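Student: Reminder that position 294 of the sequence shown reads as 294 in full-length UniProt numbering, one-by-one numbering, no gaps.
Backbone N, C-alpha and C fix where the C-beta goes; we use that ideal spot for every residue, glycine too.
All figures in this text were calculated on a predicted structure; none of them were measured in a lab.
Take a look at this one; I'll ask things after.
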Amino acid sequence: MTSILTNHTAIAALQTLRTIGASMQQSQAQVSTGLRIQTATDNAAYWSISTTMKSDNKATAAVVDALGLGAAKVDTAYTGMSAVVDVMHQFKARLVAATEDGVDKTKIQEELEQFKRQIQEIARSSSFSGQNWLNTDVPEIYDDQTNQVSVVAGFTRSKTDGVAVERMKIHLSQVSLFNSTGGGLLQGDARDVGNIGGIRRIGYWDNDAKWIEQWAPQIQGTGGRPLKTFDFPGPLVFDDPSDIIEFDVTVDADDPATGFAAPLEAGHTTTVTITRAVLDTLKPGWNGVIDTNEKYAEILNVLLAGSGAHVYSNWSMRVGPNNWIHDPVTMGIGTLEDRTLGLTGSYVGVSNVTSSFADTGVSDGLSGYGQRAALGLSFEPFTLHKDGNNADGVQIDFNFSINGQPATHHSFDRTYVNTVLGKDTGKVETAEEMAVLLQSVLEQDWDVVVEVTSPWSLSIRSNPLTDRLSGSSTRVVLSDVVVSIEPLATMKLLDVDIVKRPDLLGEYITYVDTATSKVIAGASVLGALQMRIGMQTEFVQQSMAKLDQGVGRLVDADMDEASTRLKALQTQEQLAIQALSIANANAEHMLQLFR
């Protein structure tokens with residue numbers, strides 16, 4: 001159709017030219033930039049992914065730099081640790097040399113002092129970028145939450161688009177040689193709990209009158225039976241049928257002081273009667289004469305058979321530096337705590353004494369109660385520290401038993417101490433706090449009373465209101481104490497002195513060997529970290545390259561395809577221009593009709 005108002009052919013040709021121009025512009029942009037997707041309008045999904053991944057790649061590039069910084073820190077610490085190992089070997093060699101007879105220990109100690117200074121200098125100098133892992137200042141080096149240092153390891157993005165910087169961590173307790181608050185590999189372990197408030201120490205005098213303290217496999221408190229002494233009054237001559245000695249002996253009555261609920265057990269009473277007829281029947285060869293305390297005890301024990309009481313006369317007295325002879329005067333009467341009598345008390349008492357003699361030795365009021373067992377503890381403050389192997393801190397385990405009953409297992413740790421005492425330090429600082437702690441631990445299985453007897457002592461005993469047993473058969477036993485972090489190094493390298501303490505030379509050698517092993521282990525930790533940093537650096541670099549390739553697959557243009565398309569579009573453009581020219585030429589022919 002031909003129209004004088006509208007040149008449809010020209011319009012179509014112009015539209016084609018515009019479309020070709022737009023395609024040419026896109027192809028030219030791809031050829032010039034190398035990108036198939038440059039803006040979100042090109043492909044919103046791919047553009048978003050590629051832009052995010054490019055950003056992540058830049059962050060990963062920063063990780064490579066951080067790994068280099070971390071590697072320098074580790075290398076510095078490892079170099080220092082290796083140097084210390086070499087010095088420790090020489091230190092141990094000098095100690096071994098000091099065991100030789102006649103060697104000048106003073107000269108060797110001078111060398112040891114130089115070795116100490118060298119180790120300290122190495123530790124102080126092993127610093128990079130303001131960080132020193134060998135000479136530290138950590139308030140709680142055993143707390144894995146506060147003693148960690150780290151090296152950047154990677155940048156990650158989760159499937160929910162959460163991002164995180166991954167880190168390689170190291171505990172300073174593994175590598176620190178000297179820490180300001182203790183606990184370094186060459187220092188004494190600051191977690192030492194000592195005698196744990198008194199629950200494992202015993203002391204005694206040795207043969208050289210030296211006081212020795214040591215940890216004991218068990219400590220116990222034992223009760224005691226009453227033994228009341230009296231004097232033998234001299235020969236007792238029964239030469240008249242009316243001569244008599246008579247009295248009552250009561251054993252194992254309940255002690256009113258314990259506060260038992262009524263009724264109290266009155267005990268078992270036996271009446272003892274000595275006359276000439278009794279003596280002639282039982283001891284006819286004595287002719288009615290009791291002339292020694294041994295004979296007096298003998299006849300009394302015959303008459304007390306089955307009573308639960310016993311009379312003693314086997315005392316000795318010193319008459320020279322190493323000369324002891326029998327004491328002819330002193331005697332004693334006590335309970336045998338014969339439980340077949342069905343009694344739980346511990347008591348002996350003499351009453352209702354009647355006699356034809358002026359003095360019988362025994363008298364009314366000769367009585368006493370036995371002692372109930374109580375375990376005495378010598379309190380010293382202690383602290384349960386944090387412990388990387390146990391989230392609840394250092395743990396104490398022990399067994400406990402009363403009066404021979406099967407032992408029960410008990411334990412407490414730092415968390416328990418803090419909970420019971422309302423603290424966050426793990427410290428047990430007073431005897432009162434120790435009493436509260438032990439009461440809480442033991443009362444889960446036992447009816448016990450833990451009492452403070454002085455600012456530095458306390459006792460554990462069964463509750464006398466519920467446990468009626470008294471005397472020598474009572475026992476309170478605490479045994480098998482185990483501390484979760486022991487054994488610990490209690491020596492310090494800087495304290496080694498073979499001149500002042502030559503007696504500790506053997507222990508010094510053992511300690512230095514153990515300390516050297518710890519330093520070697522620390523160097524191994526650093527070496528393993530070095531290896532991992534190298535592997536991680538290589539991996540991150542490869543990951544960046546693969547990330548670039550992945551982004552390229554999304555947004556990069558195919559240059560062969562783009563250039564070929566551009567050439568085709570250029571040809572189409574020429575054809576479109578020619579078509580437009582032809583369309584316009586037809587319009588010119590129409591104008592000639594109006595001339």
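Check for me: the alpha helix (DSSP H) holding residue 118 runs from which residue to which?
Tutor: That run of the alpha helix (DSSP H) goes 105-125.
Student: Using DSSP bridges, identify the partner residues of residue 231.
Tutor: In DSSP, residue 231 forms a bridge with 330.
Student: Take residue 312 and list the residues in its own chain whose beta-carbon comes closer than 8 Å to its own, dropping the five residues that flank it on each side.
Tutor: Counting only Cβ-Cβ distances below 8 Å, and skipping sequence neighbours, we find 227, 297, 331, 332, 333 and 334.
Student: Within 10 Å of its beta-carbon, does residue 133 have 16 or more other beta-carbons around it, so buried, or fewer, so exposed?
Tutor: The residue in question, residue 133, is buried, as its Cβ has 16 or more Cβ neighbours within 10 Å.
Student: Which value, in whole angstroms, describes the spacing of the CA atoms of residue 86 and residue 389?
Tutor: Computed Cα separation, rounded: 30 Å.
Student: Would you give the residue range spanned by the beta strand (DSSP E) that residue 476 belongs to?
Tutor: Counting along the chain, the beta strand (DSSP E) containing residue 476 begins and ends at 475-483.
Student: Straight-line CA distance for residue 554 to residue 530?
Tutor: Because residue 554 carries a pLDDT of 49, less than 50, the predicted location of this residue cannot be relied on, and the following value inherits that uncertainty. Cα to Cα, the separation comes out at about 36 Å.
Student: State buried or exposed for residue 471, treating a residue as buried only when at least 16 other CB atoms are found within 10 Å of its CB.
Tutor: Buried: at least 16 other Cβ atoms inside 10 Å.
Student: Can you give me the start and stop residues for the beta strand (DSSP E) that residue 463 sits inside?
Tutor: Counting along the chain, residue 463 falls outside any beta strand (DSSP E), and DSSP gives it neither H nor E.
Student: Please check the pair residue 396 and residue 411, which I expect to be a contact at CB under 8 Å, by giving their CB distance rounded to whole angstroms.
Tutor: That belief holds up - the Cβ atoms of residue 396 and residue 411 are roughly 6 Å apart, short of 8 Å.
Student: Would DSSP call residue 276 helix, strand or coil?
Tutor: The answer is helix: DSSP assigns residue 276 an H, G or I state.
Student: State the DSSP-derived secondary structure class of residue 311, mapped to helix, strand or coil.
Tutor: Correct three-state label for residue 311: strand.
Student: Roughly how many whole angstroms lie between the Cα atoms of residue 602 and residue 521?
Tutor: Outside the modelled stretch of the chain, which goes from 1 to 595, sits residue 602, for which no answer is possible.
Student: Once you ignore the five residues that flank residue 184 on each side, which residues in its own chain have a CB closer than 6 Å to its CB?
Tutor: Excluding sequence neighbours, residue 184 sits near 176, 177 and 178.
Student: Does the beta-carbon distance from residue 423 to residue 188 come in below 7 Å?
Tutor: Their beta carbons are not under 7 Å apart, which means residue 423 does not touch residue 188 by this criterion.
Student: Let's see if you can read the secondary structure: which residues bound the beta strand (DSSP E) around residue 396?
Tutor: From DSSP, the beta strand (DSSP E) with residue 396 extends over 395-402.
Student: Please tell me whether, using a cut-off of 6 Å, the distance from the CB of residue 297 to the nearest non-hydrogen atom of the ligand NAD is below it.
Tutor: The model depicted lacks the ligand NAD and carries no ligand whatsoever.
Student: How far does the beta strand (DSSP E) with residue 352 in it extend, from its first residue to its last?
Tutor: Start and end: 347-355.
Student: Can you check whether the CB of residue 462 is closer than 7 Å to the CB of residue 453?
Tutor: For residue 453 and residue 462, no; Cβs fall outside 7 Å.
Student: Let's test the definition: count the other Cβ atoms within 10 Å of the Cβ of residue 103 and tell me whether it reaches 16, buried, or not, exposed.
Tutor: Exposed is the call here.
Student: Measure the beta-carbon distance from residue 316 to residue 270 and round it to whole angstroms, keeping in mind my assumption that it falls under 8 Å.
Tutor: With a Cβ gap of about 29 Å, residue 316 and residue 270 do not count as contacting.
Student: Which ranges does the beta strand (DSSP E) cover as unbroken runs of at least 3 residues, wholly within the segment 400-433, from first to last along the chain?
Tutor: Fully enclosed beta strand (DSSP E) runs of 3 or longer: 408-413.
Student: Helix or strand or just coil, what does DSSP make of residue 555?
Tutor: Its pLDDT being 49, under 50, residue 555 is placed unreliably in this model, and the coordinates cannot settle the point.
Student: Going along the chain, which residues of its own chain have a beta-carbon closer than 6 Å to the beta-carbon of residue 351, five neighbours each way excluded?
Tutor: Hits under 6 Å: 248 and 364.
Student: Please report the straight-line C-alpha distance between residue 230 and residue 367, rounded to a whole angstrom.
Tutor: Their Cα atoms are separated by approximately 11 Å.
Student: As a quick exercise: from 135, 268 and 393, pick the residue whose alpha carbon is nearest that of residue 419.
Tutor: Per the Cα distances, 393.
Student: Applying the 10 Å Cβ sphere with the 16-neighbour rule, what's the burial state of residue 582?
Tutor: Its Cβ having fewer than 16 others within 10 Å, residue 582 is exposed.
Student: If you run the structure through DSSP and keep just helix, strand and coil, what is residue 296?
Tutor: Residue state, collapsed to three classes: helix.
Student: Just to confirm my understanding: we take residue 111, look at its own chain, exclude 5 residues before and 5 after, and list those with CB closer than 7 Å. What are they?
Tutor: Within the same chain, residue 111 has close Cβ partners 94.
Student: Is it true that the segment 193-202 meets the segment 494-509, where meeting means three or more beta-carbon pairs spaced less than 8 Å apart?
Tutor: Cβ pair count under 8 Å is below three, so no.
Student: Using CA atoms only, rank isn't needed, just tell me which of 398, 325 and 387 is closest to residue 145.
Tutor: Ranking 398, 325 and 387 by Cα distance to residue 145 puts 387 first.
Student: DSSP on residue 179, reduced to helix/strand/coil?
Tutor: It is a strand residue.
Student: For residue 485, count neighbouring Cβ atoms within 10 angstroms of its own Cβ and tell me buried if that reaches 16, exposed if not.
Tutor: The residue in question, residue 485, is buried, as its Cβ has 16 or more Cβ neighbours within 10 Å.
Student: For residue 309, tell me which candidate among 427, 346, 441 and 138 has the shortest Cα-Cα distance.
Tutor: Residue 346 is the option with its Cα nearest to residue 309.
Student: What would DSSP say about residue 495, mapped onto helix, strand or coil?
Tutor: Correct three-state label for residue 495: helix.
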